[in-house]
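Structure first, commentary second.
Number of protein chains: 2
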Amino acid sequence: MRKQRHQAYTCCPLEAALDVMGSKWKATILFRLLDGTRRFNELRRLMPNVTQRMLTLQLRELEADGMILRKVFAEVPPKVEYSLSDLGRTLEPLLRELYQWGQTHIQRKQPEASPEPASSSIEKKILRSSN
Amino acid sequence: MRKQRHQAYTCCPLEAALDVMGSKWKATILFRLLDGTRRFNELRRLMPNVTQRMLTLQLRELEADGMILRKVFAEVPPKVEYSLSDLGRTLEPLLRELYQWGQTHIQRKQPEASPEPASSSIEKKILRSSN
DNA sequence: CGGTATCCGGTGCGATACTG
DNA sequence: CAGTATCGCACCGGATACCG
Numbered sequence: 000m001r002k003q004r005h006q007a008y009t010c011c012p013l014e015a016a017l018d019v020m021g022s023k024w025k026a027t028i029l030f031r032l033l034d035g036t037r038r039f040n041e042l043r044r045l046m047p048n049v050t051q052r053m054l055t056l057q058l059r060e061l062e063a064d065g066m067i068l069r070k071v072f073a074e075v076p077p078k079v080e081y082s083l084s085d086l087g088r089t090l091e092p093l094l095r096e097l098y099q100w101g102q103t104h105i106q107r108k109q110p111e112a113s114p115e116p117a118s119s120s121i122e123k124k125i126l127r128s129s130n
Numbered sequence: 000m001r002k003q004r005h006q007a008y009t010c011c012p013l014e015a016a017l018d019v020m021g022s023k024w025k026a027t028i029l030f031r032l033l034d035g036t037r038r039f040n041e042l043r044r045l046m047p048n049v050t051q052r053m054l055t056l057q058l059r060e061l062e063a064d065g066m067i068l069r070k071v072f073a074e075v076p077p078k079v080e081y082s083l084s085d086l087g088r089t090l091e092p093l094l095r096e097l098y099q100w101g102q103t104h105i106q107r108k109q110p111e112a113s114p115e116p117a118s119s120s121i122e123k124k125i126l127r128s129s130n
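Those sequence lines, one after another, are chains P and U.
Each residue of the first sequence is one higher than the last, beginning at 0 in numbering that gives the first Met the number 0.
Each residue of the second sequence is one higher than the last, beginning at 0 in numbering that gives the first Met the number 0.
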């Protein structure tokens, strides 16, 4: 029996939606799969910051939630292809809007000093890069 | 100096967007504030599962990110009002779509047995309730 | 190639108590 | 009313090693 995924559910659709794609990597994985089918190491190359372990774990959760499909080819060397399921596809507009929102509201901070002091500190969050 | 919020940033707008509202409680808080200004304990009552500590912490982060406004009244007893900032308002369509997606695709499982075995395990996630 | 297994540190977060 | 302070542990997630 698998443990109940994260913490707990209050019953709110919002939380359910976020549980399914709200984590950094799940969203990114789904986003990358919008372009089409990807193999495991393709995804790794597309997302250099995620460890193999985490990529595997997140893919398994997405699969268990029915968001993606995992197709294993009985070959040597092994070959596994990941793609969005129909359910996963329904997230497409949401993912694109999320991406768009990030682009619009969290534009990369320029090296030059801002004209005005900037109303929020969001920009800073973009600065720290991959470890 | 405050620590750089979560883990790290790869530079992806998706992650930035999720960092700002991607956590269960941040999203819920923002969603609640769509209806209008709320006092601290009003929010607590609206979200019985979040502890006082977490509510405070999440509100502070949202404030630091410029998503919400915190207005303190110099009265006894104290009174603090939270509301969405202009930036926070820009998330409204996204939040509503997220909510809608949850409603559409993760309908509450009925006590009755499903006609077909159900293609995914998402429904289970809605079952475990607040601790 | 596409994973598991194991170890282990950091921190997210709840519980509880105290405060202006 | 609207918070801080402190404790404690679960678990998230990185590093590394091994496997079919």
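Virtual Cβ for every residue (Gly too), placed ideally from N, Cα, C.
Under 7 Å by beta carbon: chain P residues contacting residue i
{"i": "Y81 (chain U)", "result": "By Cβ distance, chain P contributes nothing, its closest Cβ being about 16 Å from Y81 (chain U), past 7 Å."}
Beta-carbon gap between residue i and residue j smaller than 7 Å
{"i": "E131 (chain P)", "j": "L33 (chain P)", "result": "Nothing can be reported for residue 131 (chain P): it is not among the residues displayed for chain P, which extend from 0 to 130."}
{"i": "L68 (chain P)", "j": "A26 (chain U)", "result": "no"}
{"i": "S82 (chain P)", "j": "T36 (chain P)", "result": "yes"}
{"i": "R86 (chain U)", "j": "G65 (chain U)", "result": "According to the sequence displayed, residue 86 (chain U) carries Leu and not Arg. Against a cut-off of 7 Å, the Cβ pair of G65 (chain U) and L86 (chain U) comes out as a contact."}
{"i": "W24 (chain U)", "j": "Q57 (chain U)", "result": "yes"}
{"i": "R38 (chain P)", "j": "E80 (chain P)", "result": "yes"}
Chain P contact for residue i (CB, 7 Å cutoff)
{"i": "T27 (chain U)", "result": "yes"}
{"i": "E14 (chain U)", "result": "yes"}
Test: residue i CB closer than 7 Å to a CB of chain U
{"i": "G21 (chain P)", "result": "yes"}
{"i": "F30 (chain P)", "result": "yes"}
{"i": "L17 (chain P)", "result": "yes"}
Within chain U, partners of residue i - CB distance below 9 Å
{"i": "I67 (chain P)", "result": "Those do not exist, as I67 (chain P) stays about 10 Å from chain U at its closest Cβ, beyond 9 Å."}
{"i": "T89 (chain P)", "result": "W100, T103, H104"}
Exposed unless 16 or more other CB atoms sit within 10 angstroms - verdict on residue i
{"i": "L97 (chain U)", "result": "buried"}
{"i": "K70 (chain P)", "result": "exposed"}
{"i": "L29 (chain U)", "result": "buried"}
{"i": "K78 (chain U)", "result": "exposed"}
{"i": "A15 (chain U)", "result": "buried"}
{"i": "V75 (chain P)", "result": "exposed"}
{"i": "V19 (chain U)", "result": "buried"}
Interface residues of chain P facing residue i [CB-CB closer than 8 Å]
{"i": "E41 (chain U)", "result": "The premise fails here: E41 (chain U) is roughly 17 Å from chain P at the closest Cβ pair, so nothing lies under 8 Å."}
According to DSSP, residues forming a beta bridge with residue i
{"i": "I67 (chain P)", "result": "P:L83"}
{"i": "R37 (chain U)", "result": "U:Y81"}
{"i": "F72 (chain U)", "result": "U:K78"}
Contacts that residue i makes with chain U (C-beta to C-beta distance below 8 Å)
{"i": "E96 (chain P)", "result": "P92, L93, E96"}
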